[in-house]
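Colleague: Before I ask anything, here is the structure I am working with.
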Ligand SMILES: Nc1ncnc2c1ncn2[C@@H]1O[C@H](COP(=O)(O)OP(=O)(O)OP(=O)(O)O)[C@@H](O)[C@H]1O
Ligand SMILES: [Mg+2]
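Residue numbers (UniProt numbering): 1 to 386.
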């Protein structure tokens with residue numbers, strides 16, 4: 001978890017061309033190594049935040065491509081929330097994110113805090129996200145060979161293991177999903193948006209408003225009662241792993257009923273020993289079948305209903321590399337919140353997977369359940385493959 005750090009021993013910071021330097025100085029005493037960009041600089045970099053430079057919009061706000069004075073390209077994320085968080089708290093979180101350096105994690109260059117504006121400046125990644133390329137609408141020019149997919153899976157695992165096991169205090173990402181896996185020019189994956197959930201008010205980050213595009217990745221215990229541990233990230237990683245191998249989104253309401261939710265589908269095929277049939281057909285059979293099935297089984301290990309049965313990220317790395325074998329005797333069926341989805345979007349009875357225990361044990365938890373079910377209509381739209 002992210003925790004506020006004690007900065008008493010630090011008093012250095014870097015301020016890049018900021019007119020409010022003196023005013024900020026008080027807030028910043030103790031914050032070190034955070035680059036501050038002036039709003040003016042970022043306006044110039046993005047051509048006044050022009051529509052042509054806008055590269056996307058997510059739950060946190062709009063993202064613009066910009067060219068910094070140094071010539072470096074940047075992804076400039078304008079946070080949309082009316083955060084009640086004070087400047088000092090904001091910068092404290094920013095410092096935690098700024099300190100993170102890893103080949104598979106997007107680098108935060110710095111931020112801008114002027115008036116009500118809170119803007120984050122990141123390293124720009126040339127090849128967009130896995131959501132828009134591998135799982136997108138087929139217009140991507142990138143060919144995801146089997147080797148490339150293996151590298152992506154291992155890279156993402158390394159990045160997440162760094163957050164979970166090498167940072168002190170450890171960082172739970174909270175939103176591992178295909179749109180938060182960005183690719184550089186060599187298709188090296190970089191995880192984005194770690195640490196962000198702490199920057200905006202809790203009611204914006206939890207299930208109620210941001211669930212639509214993310215639901216299929218949410219561990220049941222996190223979605224239903226907000227229980228957040230590293231094991232919730234590991235569940236999301238498992239879903240992502242299965243998406244990378246199969247080349248399909250976790251939820252696709254256009255498919256026949258029993259194929260719509262990838263975790264239901266993979267469990268059926270696992271039991272029939274037909275996992276290999278799930279591997280992306282666009283590979284035209286050009287993949288290592290033993291390795292692909294192993295990756296799918298690791299996905300199953302990570303998405304088990306009981307958080308304590310899911311492996312740690314360092315164990316996942318050993319499993320992916322083949323250093324450790326997948327112990328199938330211990331494998332239990334995936335946890336899924338599709339029971340609740342069923343009520344809204346699927347009139348047919350449940351499949352052989354019985355997730356009753358999940359819905360019945362959580363429906364009394366009040367507003368979170370109501371929020372969740374009321375989001376289902378959006379969910380079915382937002383996650384469809386188009
Ligand atoms: N560092 C970056 N380099 C290149 N493109 C980026 C970068 N960061 C974000 N983007 C692009 O900007 C778009 C919006 O990203 P953003 O993180 O705001 O939303 P999201 O990940 O789609 O959803 P969410 O807000 O739920 O995380 C995405 O399409 C992403 O590909
Ligand atoms: Mg994102």
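The beta carbon of each residue, even a glycine, is placed where N, CA and C say it ideally should be.
Model, not experiment: these values are computed from the prediction.
1. Tell me which residue opens and which closes the beta strand (DSSP E) that residue 113 is part of.
2. Please go through the segment 201 to 284 and give each complete alpha helix (DSSP H) segment of 4 or more residues, from N-terminal end onward.
3. What do you reckon, are the CB atoms on residue 80 and residue 61 nearer than 9 Å?
4. With residue 171 and residue 195 assumed to form a contact (beta carbons below 8 Å), what rounded beta-carbon distance in angstroms separates them?
5. Measure the Cβ-Cβ separation of residue 159 and residue 120 and say whether it is below 9 Å.
6. So residue 334 packs on residue 263, CB below 8 Å; how close in whole Å?
7. So who's on the other strand from residue 182, going by DSSP bridges?
8. Straight-line CA distance for residue 169 to residue 97?
9. Shortest alpha-carbon distance to residue 282 belongs to which of 49, 99, 129, 149?
10. By Cβ distance below 6 Å, which residues in the same chain neighbour residue 205 in space, the five residues on each side in sequence not counted?
11. Would you report the Cα separation of residue 289 and residue 220, rounded to the nearest angstrom?
12. In the DSSP assignment, what residue or residues form a beta bridge with residue 77?
13. Quick one: what's got a C-beta closer than 6 Å to residue 234's C-beta in the same chain, skipping five residues either side?
14. Comparing alpha-carbon positions, which option in 280, 300, 225, 35 lies nearest residue 270?
15. For residue 127, is the beta carbon positioned less than 8 Å from some heavy atom of ligand 2?
16. Does the beta carbon of residue 60 fall short of 8 Å from some heavy atom of ligand 2?
17. Give me the residue from 122, 285, 167 with the minimum Cα distance to residue 35.
18. What are the residues that DSSP puts in a beta bridge with residue 334?
19. Which term fits residue 52, buried or exposed, when burial requires 16 or more other beta carbons within 10 angstroms of its beta carbon?
20. My understanding is that residue 314 touches residue 161, with C-beta atoms under 8 Å, so please give their C-beta distance in whole angstroms.
21. Starting from residue 89, trace the alpha helix (DSSP H) in both directions and tell me its first and last residue.
Modeller: In terms of the structure at hand:
1. 108 to 114
2. 202 to 205, 207 to 210, 220 to 225, 230 to 246, 262 to 271
3. yes
4. The Cβ separation is near 6 Å, so the contact holds.
5. no
6. 4 Å
7. 129, 190
8. 12 Å
9. 149
10. Annotation note: pLDDT 47 at residue 205 (below 50); position unreliable, no value reported.
11. 30 Å
12. DSSP lists 63, 120 as partners of residue 77.
13. 302, 310
14. 300
15. no
16. yes
17. 122
18. 304
19. exposed
20. So it is a contact: roughly 6 Å between Cβ atoms.
21. Its alpha helix (DSSP H) spans residues 87 to 98.
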